[in-house]
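These protein sequences, in sequence, are chains A and B. For the first sequence, my numbering assigns the number 130 to the initial residue and increments by one for each residue that follows. For the second sequence, my numbering assigns the number 21 to the initial residue and increments by one for each residue that follows. Written out below as structure tokens is the structure these notes cover.
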Amino acid sequence: MTTDLVASVLIILGALMSLLAGIAVLRFPDTMSRIHAATKPQVLGIMLLMLGLGLRLGSPGVIGMLVLIVILQFVTAPVSAHLTVRVAFRNAKSEPAEERGGKSAADDGPAQLAQRLSDESRTGAGPSLSGDAKQPDR
Amino acid sequence: MTMTVTVLIAGILFGLGALFASIRLVLGPTQIDRAVALDVLLAIVVGVIVLMAAATDSAVTLVIAVVVSLLGFLGSASLAKLLPRDRQ
């Protein structure tokens with residue numbers, strides 16, 4: 130009786146993860162955040178569902194197939210997320226920057242940071258250094 | 021009794037998740053949004069197959085869950101690889 134209750138709670142939690150992934154894919158503003166929030170609950174929800182089902186049907190053949198599904202999700206979900214994020218990053222880089230207030234998702238990488246630091250060191254004191262020099266007056 | 025309530029609640033949750041993913045599938049401004057929505061939809065299909073196996077206490081339909089999860093990966097990976105550069 131208690132294993133039935135635990136299995137039911139696990140199945141409901143797995144379904145809740147799928148609902149969270151659906152809400153996130155609908156409501157998030159950017160493609161990259163949608164990918165981020167849609168692949169993480171997917172794997173966790175599948176794991177919880179398999180745990181609940183394995184508690185209900187205990188035969189070894191079934192448990193083998195459930196472990197196979199979980200291993201497949203672990204292997205394929207990061208690969209597909211990586212591939213789709215690469216395409217989304219390419220789209221964000223090639224979009225004109227005026228549409229999003231001058232900043233894009235490709236503006237904060239290490240290459241841009243190195244460029245900014247070399248620019249500031251070339252012109253002497255950069256704008257952030259002169260801003261910090263005013264702080265000790267307080 | 022417990023299983024009927026579980027199937028009802030989980031069914032409603034899966035249905036709402038599938039509805040939201042379908043709305044993103046229709047709306048999504050780029051094609052990669054639609055690929056992500058399809059991935060979420062196929063994961064919900066796997067969840068529904070597992071729910072059915074739990075409700076009827078039979079494991080013969082779990083092979084479909086293996087195939088559908090493989091197809092979900094295949095769909096989103098091939099869309100991401102084969103979308104042309106000029107068409108978002």
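The beta-carbon is built from N, C-alpha and C at its ideal position, and this holds for glycine as well.
Check, Outcome
"Under 8 Å by beta carbon: chain A residues contacting residue 29 (chain B)", "141, 144"
"Selection of the segment 73-107 of chain B by Cβ proximity to chain A, strictly under 7 Å", "73, 74, 77, 79, 82, 85, 86, 89, 90, 93, 96, 97, 100, 101, 103"
"Where the alpha helix (DSSP H) containing residue 77 (chain B) begins and where it ends", "Taken as a continuous stretch (DSSP letters only), residue 77 (chain B) belongs to no alpha helix (DSSP H), as it is neither H nor E."
"Residue 155 (chain A): contacting residues in chain B (beta-carbon distance under 7 Å)", "40, 43, 44"
"Separation of residue 61 (chain B) from residue 152 (chain A), as counted between CA atoms", "12 Å"
"Residue 50 (chain B) in three-state terms, based on DSSP", "coil"
"Nearest-angstrom beta carbon gap, residue 84 (chain B) and residue 216 (chain A) [assumed within contact, 8 Å]", "Not quite, the Cβ-Cβ distance comes to about 29 Å (not below 8 Å), so this is no contact."
"Beta-carbon proximity check, residue 45 (chain B) vs residue 148 (chain A), cutoff 8 Å", "no"
"Where residue 22 (chain B) meets chain A, residues with beta-carbon distance less than 8 Å", "133, 134, 137"
"Selection of the segment 42-72 of chain B by Cβ proximity to chain A, strictly under 7 Å", "43, 44, 50, 52, 53, 55, 56, 57, 59, 60, 63, 64, 66, 67, 70, 71"
"Rounded straight-line distance, which links the Cα of residue 68 (chain B) to that of residue 90 (chain B)", "16 Å"
"Reduced DSSP category for residue 130 (chain A) - H, G, I as helix; E, B as strand; rest coil", "coil"
"C-alpha distance - residue 75 (chain B) paired with residue 130 (chain A), whole-angstrom precision", "15 Å"
"Amino acids of chain B, ordered along the chain, whose beta-carbon sits closer than 7 Å to that of residue 147 (chain A)", "33, 34, 37, 63, 64, 67"
"Chain-ordered residues of the segment 169-203 of chain A with a beta carbon less than 8 Å from chain D", "No chain D appears in this structure, whose protein chains are A and B."
"Listed by chain order, chain B residues near residue 212 (chain A) by CB distance under 7 Å", "97, 100, 101"
"Contacts around residue 195 (chain A), its chain only, beta-carbon distance under 7 Å, and the 5 residues preceding and following it disregarded", "179, 182, 183"
"Helix, strand or coil at residue 207 (chain A) [DSSP, three-state]", "helix"
"Same chain, Cβ closer than 6 Å to residue 154 (chain A), neighbours up to 5 away in sequence not counted", "163, 167"
"Backbone secondary structure at residue 188 (chain A) - three-state DSSP", "coil"
"Span separating the alpha-carbon of residue 220 (chain A) from that of residue 158 (chain A)", "15 Å"
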